[in-house]
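Following: one structure in C-alpha cells, then a few remarks.
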Amino acid sequence: MSMLQIETDPAGMDPTAVPVAPERGMVGRSPGRLAWERLRRNRTAMVSGWIMLFLVVLGVSAPLVELLYGIGPYEQFQDRIANNSLPLGYLGGISGDHWFGLEPKLGRDIFIRLVYGLRTSLLIATSAAVITTAIGIVLGIVAGYLGGWIDAVISWVIDFALALPFLIFALAVMPTVTARFYGPRDEIDVPFRIAVMILLFAMFGWTGTARLVRGQVISLREREFVEAARASGAGLGHILFRQLLPNLWAPILVTFSLAVPGYITGEAALSFLGIGIVEPTPDFGVMISNSLDYMDGDPMYLIIPGFVIFLLVLTFNLFGDGLRDALDPKSSR
Amino acid sequence: MLRFLIKRLLLGALTLFAVSLVAFGMFFMLPRDAVATMCEKNCNAERLDRMRDELGLNDPLFDQYTGYMKGIFVGRDLGSAQGGRCDAPCLGYSYTNGEEVTDIFARVIPVTLSIVIPAAILWLGLGIGLGMLSALKRGTVFDRLAIGFSLTGASMQLYFVGGILLIVFVYTLKILPPPRYVSLWENPLDWAAGLVLAWMALAFLFSAVYARLSRAQMLETLAEDYVRTARAKGLTKSKAYGRHALRAAITPIVTIAGLDVGGALGGTVITETTFGIQGLGRTAVEAVRLGDLSTIMATVLISAVFIVVANIVVDLLYAVIDPRVRLS
Amino acid sequence: MTEPLLKVRGLTKHFAVRQGAAGGKALVRAVDGVDLDVHPGETLGLVGESGCGKTTTGRMLVRLLDPTSGSIEFEGRDITRLGRSAMRPLRQDLQIIFQDPYSSLNPRHTVGKIVAMPLEVNGIKPPGGIKTRVQELLELVGLNPEHYNRFPHEFSGGQRQRIGIARALALRPKLIVADEPVSALDVSIQAQVVNLLRDLQRELDLAFVFIAHDLAVVRHFSRRVAVMYLGKVVEVGDRADIYERPRHPYTKALLSAVPDVAAFGEPRQRIRLTGDVPTPLNPPSGCRFRTRCWKAQDICATEEPALITRDGSAQAVACHFPEPAGPEAAVLVPAQATAHVSEVTE
Numbered sequence: 001m002s003m004l005q006i007e008t009d010p011a012g013m014d015p016t017a018v019p020v021a022p023e024r025g026m027v028g029r030s031p032g033r034l035a036w037e038r039l040r041r042n043r044t045a046m047v048s049g050w051i052m053l054f055l056v057v058l059g060v061s062a063p064l065v066e067l068l069y070g071i072g073p074y075e076q077f078q079d080r081i082a083n084n085s086l087p088l089g090y091l092g093g094i095s096g097d098h099w100f101g102l103e104p105k106l107g108r109d110i111f112i113r114l115v116y117g118l119r120t121s122l123l124i125a126t127s128a129a130v131i132t133t134a135i136g137i138v139l140g141i142v143a144g145y146l147g148g149w150i151d152a153v154i155s156w157v158i159d160f161a162l163a164l165p166f167l168i169f170a171l172a173v174m175p176t177v178t179a180r181f182y183g184p185r186d187e188i189d190v191p192f193r194i195a196v197m198i199l200l201f202a203m204f205g206w207t208g209t210a211r212l213v214r215g216q217v218i219s220l221r222e223r224e225f226v227e228a229a230r231a232s233g234a235g236l237g238h239i240l241f242r243q244l245l246p247n248l249w250a251p252i253l254v255t256f257s258l259a260v261p262g263y264i265t266g267e268a269a270l271s272f273l274g275i276g277i278v279e280p281t282p283d284f285g286v287m288i289s290n291s292l293d294y295m296d297g298d299p300m301y302l303i304i305p306g307f308v309i310f311l312l313v314l315t316f317n318l319f320g321d322g323l324r325d326a327l328d329p330k331s332s333r
Numbered sequence: 001m002l003r004f005l006i007k008r009l010l011l012g013a014l015t016l017f018a019v020s021l022v023a024f025g026m027f028f029m030l031p032r033d034a035v036a037t038m039c040e041k042n043c044n045a046e047r048l049d050r051m052r053d054e055l056g057l058n059d060p061l062f063d064q065y066t067g068y069m070k071g072i073f074v075g076r077d078l079g080s081a082q083g084g085r086c087d088a089p090c091l092g093y094s095y096t097n098g099e100e101v102t103d104i105f106a107r108v109i110p111v112t113l114s115i116v117i118p119a120a121i122l123w124l125g126l127g128i129g130l131g132m133l134s135a136l137k138r139g140t141v142f143d144r145l146a147i148g149f150s151l152t153g154a155s156m157q158l159y160f161v162g163g164i165l166l167i168v169f170v171y172t173l174k175i176l177p178p179p180r181y182v183s184l185w186e187n188p189l190d191w192a193a194g195l196v197l198a199w200m201a202l203a204f205l206f207s208a209v210y211a212r213l214s215r216a217q218m219l220e221t222l223a224e225d226y227v228r229t230a231r232a233k234g235l236t237k238s239k240a241y242g243r244h245a246l247r248a249a250i251t252p253i254v255t256i257a258g259l260d261v262g263g264a265l266g267g268t269v270i271t272e273t274t275f276g277i278q279g280l281g282r283t284a285v286e287a288v289r290l291g292d293l294s295t296i297m298a299t300v301l302i303s304a305v306f307i308v309v310a311n312i313v314v315d316l317l318y319a320v321i322d323p324r325v326r327l328s
Numbered sequence: 001m002t003e004p005l006l007k008v009r010g011l012t013k014h015f016a017v018r019q020g021a022a023g024g025k026a027l028v029r030a031v032d033g034v035d036l037d038v039h040p041g042e043t044l045g046l047v048g049e050s051g052c053g054k055t056t057t058g059r060m061l062v063r064l065l066d067p068t069s070g071s072i073e074f075e076g077r078d079i080t081r082l083g084r085s086a087m088r089p090l091r092q093d094l095q096i097i098f099q100d101p102y103s104s105l106n107p108r109h110t111v112g113k114i115v116a117m118p119l120e121v122n123g124i125k126p127p128g129g130i131k132t133r134v135q136e137l138l139e140l141v142g143l144n145p146e147h148y149n150r151f152p153h154e155f156s157g158g159q160r161q162r163i164g165i166a167r168a169l170a171l172r173p174k175l176i177v178a179d180e181p182v183s184a185l186d187v188s189i190q191a192q193v194v195n196l197l198r199d200l201q202r203e204l205d206l207a208f209v210f211i212a213h214d215l216a217v218v219r220h221f222s223r224r225v226a227v228m229y230l231g232k233v234v235e236v237g238d239r240a241d242i243y244e245r246p247r248h249p250y251t252k253a254l255l256s257a258v259p260d261v262a263a264f265g266e267p268r269q270r271i272r273l274t275g276d277v278p279t280p281l282n283p284p285s286g287c288r289f290r291t292r293c294w295k296a297q298d299i300c301a302t303e304e305p306a307l308i309t310r311d312g313s314a315q316a317v318a319c320h321f322p323e324p325a326g327p328e329a330a331v332l333v334p335a336q337a338t339a340h341v342s343e344v345t346e
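Structure follows, in C-alpha cells:
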C-alpha cells in the first residue's frame, strides 16, 4: 500500500463508522433472533412443527383425552369382536365410538391406546435425549478444551461405543439387568423397564453429541475471542461457560431435536422385539408386534399405529432439519 | 502402509478384547446367574449349586474368562454335563437346548448373510444413484421426489414397511409366497422369492439415508473449484462429473457404508423378526426371551467381530484411495 | 532515556512437534532469544515475513503463551512465570488487539458484552456503571455508543476492529500488543484504523508493540522498528534509521521489495532473495540469514552475529558484514550483490 494514501487521509474519520445494518431501533438482532426468523419462513418446518406440537400435547394430556373420549386404554369391547377374534365392522372396527377401530381378540380401543403409547414413547425419547445430550456436552467440552490424554481416553471410549452393535447389545443387556433385580418368574415393573431403556440409550447415545461438541470446541478453542478473554485474565469457567457454550447451543439444539425421533424409533424397535415395554402397557412397538399376527384379516391394526409413529418421527425429523437450516444457513441439505 | 495396517489391526484387537471383557463381565458378575433361568422346577439351593458347578460358574471369574477365550481359539473340554469336548472355535453350549453355539451359528449366519448382502447391494446402488442423480438435477421434479423419498424412508419403521409389504404382496396380491429361507445352492429362485421382501424393506430404509448423504456430498463436490475448472476447460458434463466429481463424492460414502455394519445388523434383527426368518438376529431375540446367556454372549462377540473387521477393511481401503490418511 | 516499560531478554519459544514415520519429537524454534525494550508511550514496530515468530513473540508478551526460556519484565517486575492470579492485576496494564476482526469477537455476544468482558472478568465496577463506561469506549474508538446492543455480524470489518480496540482499552492498559491489527482489512480502511490507533496513543499515552508484515504500515505508526528473521531480531533502531539506512542485508532486501510511489517511473534496483526461508525445525548454523545472503562468508556459518550497535550508529544490527552507516549507504548496492540484483523498471 502507498504511504501517500495514509498521509493524505483526513484525520481518522471513518466514513463507514455507521453500522451496515439498516437502523431499525437500537437493539441488535441476535443470531438466535435471526435463526428464528429464518425458521418461521420455512413452511415445511413450521407445518411439521405444529403437527409435532399437536402430537406432543396429545400425548402429554393422555388422561385428559381419556376423560373426553370416554374410553380407557384397558377397556375391552368383547361384544364387538367376532368369533374369529377380528373386530366386527369395516376397516378394523372403525366407528364413531372407536375412531381408530379395535384391537383383534381383546377388543381394546386403538385410539386411546395410541394416545397413551404416544406418552410412553415421548417420555422415554425425551428423557434419553436430555440425558445423552447432557453427558455428551460435558464430555465433549472436557475432551475438546483440555485435550491431551483426557481427550485420547474419551475419544477411544467414543470409538469403542461405536464399535458395539447397539441393538444386539440392548438385546443382551435387557435380560441381564432385569435378572439382576428380578427373579425369572417375577413380574417386571413398567417404570423399571422404562428406566433400563433410558439407561441403554444413555450408554450408547452420548457419543454422537460428545463427538460433535468436541469438534466444535476444538475449532472454537483457538479463536481469538477466547484468547482475548484469557488475555483479560478470564478463568476456565468463564471461558467454557460464558465464551464457548453460547456458541455451542445451535449444534446442540439440532442434535437434540434429531435425537428425539431416533429414540422414538429405538424405543419402538426394542418393544417390538419384546425387550422394551410389554403387554398390557400401551406402546407402538408392542402394538405393531401384535398386529403381525393379524395382517391377513385386519391390516388396519398394523397401518394405523405404523402411520402414527411414522408421522411422529417424520415431523420431528423435518422440524429438526428446518432448525438446522435456520441455525446454520450455510449448510444446504 | 505396513505400519498403518499393523496399528489398525492392533487397535481392532484391543477393541475386540474390550468388548469381550465388557460382555463377559456383564453376564457373569451378576448375582442371579444363568442357572436360575434354566432351572424350571424343583429349584433348591443344592441343585442350583450343582448346576453351577457343572457349568463352571463357581470357578474364579478369571478362570472362566480364560477358559472361554481358550475355547474360541483351541477348543476345550466342558465336562459331560455340557456335551463334552467342544472343538475350536468353541462358543460354549446353548443353555436351553444343549446344542453347540458354533453349530447354531453355522446354521443361521448364512441366512443373515443371504438377507444382508443382496439388500446392501440394493440400498447402496439405489441410494447413491438416487442421491447423485438428484444432485445433478438439483431443483427439478425428480430432485424433489428423491428428497421426499429419502425423508419418508428416514422416518419409516422397518417393521411397518415390512408389514405393509407382506400385506400387499403376500396377503392381497398373493404374488409372493410367505417369506422363508431356502439355501441359495438348493434353489436360487426360491431363495430369492423367499427373501425379496426382506431385501426390499431393508433397501428402502437404508437407501434413504444414503440418498440423502450422497446428494449432499455430491452438491458439495460439484461446488468445488476443480470440478468447475474441469467444466470450464471444456470437458463435457458427463466427463467432468464422472471423472472428477463422482470419485471424490463417493469415497466418504463408502466409508460410512463400512461403518454402518452395526446398523445393518440391527436392521436384520428387526427384519428377521418381522418376516419370521430364522437368522442370527431372530436367534438372538429368542435367546433373550429364553434367557440363553451363552448364545447371547456369542452373538455380541460375533457382531463385534463383524463390525471391527468391517472398520479395518474400510480404513485400509480409504488409505489406499486417499494417501493423506497414510501419512497422518 | 527512561526505564523501559517492557524489557524482554532472551525470549525463546520452542514447540515440540511429532515428525517422521518414527513419530519422534522435533523442536520448532519459533522464537529464539529475542531482546526488546518498549518505553512508556512509544511504539515499537515488529516486522518480518510470515512465520518469522513475530506473532508468537506478541502472544508471549501478554502471556497467552508461556516462554520456553528468557525473561519478560514489566515496569521492572519479572512477569515471566507469574501464575494466573498473580498475573491478573498486570493483565489490566497489558492488552492485545488481534488480527482477525471476525474471529476475535464472540459472535453470540452483544458489542456491549464484548467490550465489558475485561471489566466483568476482573470484577471492576467503573463509576457510573459498566454501560456508561462501555459507551464511552465505543465513542472513543469512533463507534456509535447507541449500538451497544448490536451483534458483531451487524458491523463491517473496520468497525469490528474498532470494537476489538475498545475491548483492549477497557482496562486502561499501559501497553497494547497489536498483532497485525490492519492486515485483514481493506486498504482504505487500514489507514483509518491506523490513524485511530495513533490518535489513541497520543490521547491516552499508550505504548504499543505493533506487529506487521507490511513495512509501510509500520513506518507510519512506529517510532522504533525491530526486524525479525526466523525467530531472531536481526536489526533494531529508530524508524528513520531503519528505513533510510538499513544495515542488515535482510532489512535492505525487505525494503527494496516495497514499491515506492515517490520513485514511480524511475528505474530502481530491487534485491531478489533466492531460495526459501529455512525451516525453523532445523535453522542454519551461525547467522540464520546466511543461506540467502549475498554477503555470506565462512564466518557466517560458524559464528552467530550478536545484535549490537557498531560504527557509532544508534541502530543495533546482527550481522558480521553490516552495510556501512551513513546517509548515502542505502543508495548504493554493493558490488558483490550484482548476481542477485535485478533491474526492475516500474
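Chains as they are written, first to last, in the numbering used here: chain C, 1 to 333; chain S, 1 to 328; chain D, 1 to 346.
Every residue, glycine too, gets a C-beta built ideally from N, C-alpha and C.
Per DSSP, reduced to three states, the secondary structure at residue 112(D) is helical. Where residue 145(S) is concerned, the enclosing alpha helix (DSSP H) starts and stops at 141-155.
Here residue 82(C) is exposed, its C-beta having fewer than 16 other C-beta atoms within 10 Å.
Where residue 252(D) is concerned, the enclosing alpha helix (DSSP H) starts and stops at 249-256. Between residue 194(C) and residue 277(C), the CB-CB gap stays under 9 Å. Sixteen is the threshold: when 16 or more other Cβ atoms of the shown chains lie within 10 Å of the Cβ of residue 315(D), as they do, the residue is buried. In the three-state reduction of the DSSP assignment, residue 90(S) falls in the coil class. Residue 238(D) sits in a strand when the DSSP states are folded into three classes. Under DSSP, residue 261(C) forms no beta bridge with any residue. Within the DSSP bridge table, the entry for residue 100(S) names 93(S) as partners. Interface annotation, residue 261(C): in contact with chain S, CB-CB separation under 9 Å. Residues of chain C with a Cβ closer than 8 Å to the Cβ of residue 95(D) are, in chain order, 231, 232. Here DSSP, grouped into helix, strand and coil, assigns residue 147(D) to helix. Per DSSP, the unbroken beta strand (DSSP E) holding residue 73(D) starts and ends at 69-74. Secondary structure note for residue 68(S): its alpha helix (DSSP H) is the uninterrupted segment 61-74. In the displayed model, residue 81(C) falls within a strand according to three-state DSSP. For residue 126(C), the enclosing alpha helix (DSSP H) starts and ends at 110-146. 214, 216, 217, 219, 220: these are the residues of the segment 213-230 of chain D whose beta carbon lies less than 8 Å from some beta carbon of chain C, given in chain order. Taking 9 Å as the CB threshold, residue 101(S) stays off the interface with chain C. Residue range 157-169 is occupied by the alpha helix (DSSP H) that includes residue 159(D).
Ranked by Cα distance from residue 263(S), the options 73(S), 312(S), 205(S) are led by 205(S). At the C-beta level, residue 175(D) and residue 6(D) come within 9 Å of one another. Across the set 196(S), 152(S), 104(S), the C-alpha of 196(S) shows the shortest separation from the C-alpha of residue 170(S). Spatial neighbours of residue 290(D) in its own chain (CB-CB distance under 8 Å, excluding positions within 5 residues in sequence) are listed in chain order as 284, 296, 300, 301.
Legend: CB atoms of the segment 207-232 of chain C lying less than 8 Å from CB atoms of chain D belong to residues 223, 224, 225, 227, 228, 229, 230, 231, 232. Scanning its chain for C-beta atoms nearer than 6 Å, with the 5 sequence neighbours on each side dropped, one finds around residue 257(C) the residues 320, 323, in chain order. Ranked by Cα distance from residue 215(C), the options 267(C), 190(C), 139(C) are led by 139(C).
Annotation: residue 282(S) to residue 105(S) spans about 12 Å, alpha carbon to alpha carbon. Residues of chain S with a Cβ closer than 8 Å to the Cβ of residue 281(C) do not exist, since the nearest Cβ in that chain sits about 18 Å away. Under the criterion of beta carbons closer than 8 Å, residue 248(D) and residue 227(D) qualify as touching, at roughly 7 Å. Between residue 279(S) and chain C, the shortest Cβ-Cβ separation is not below 9 Å. When the alpha-carbon of residue 56(D) is set against those of 178(D), 168(D), 77(D), 153(D), the nearest one is in 178(D). At a beta-carbon threshold of 7 Å, the residues of chain D lying near residue 30(C) are 151, ordered along the chain. In this structure residue 80(C) is not in contact with residue 158(C), their Cβ atoms being roughly 53 Å apart against a cut-off of 8 Å. As the crow flies, the alpha-carbon of residue 149(S) is around 35 Å from that of residue 185(S).
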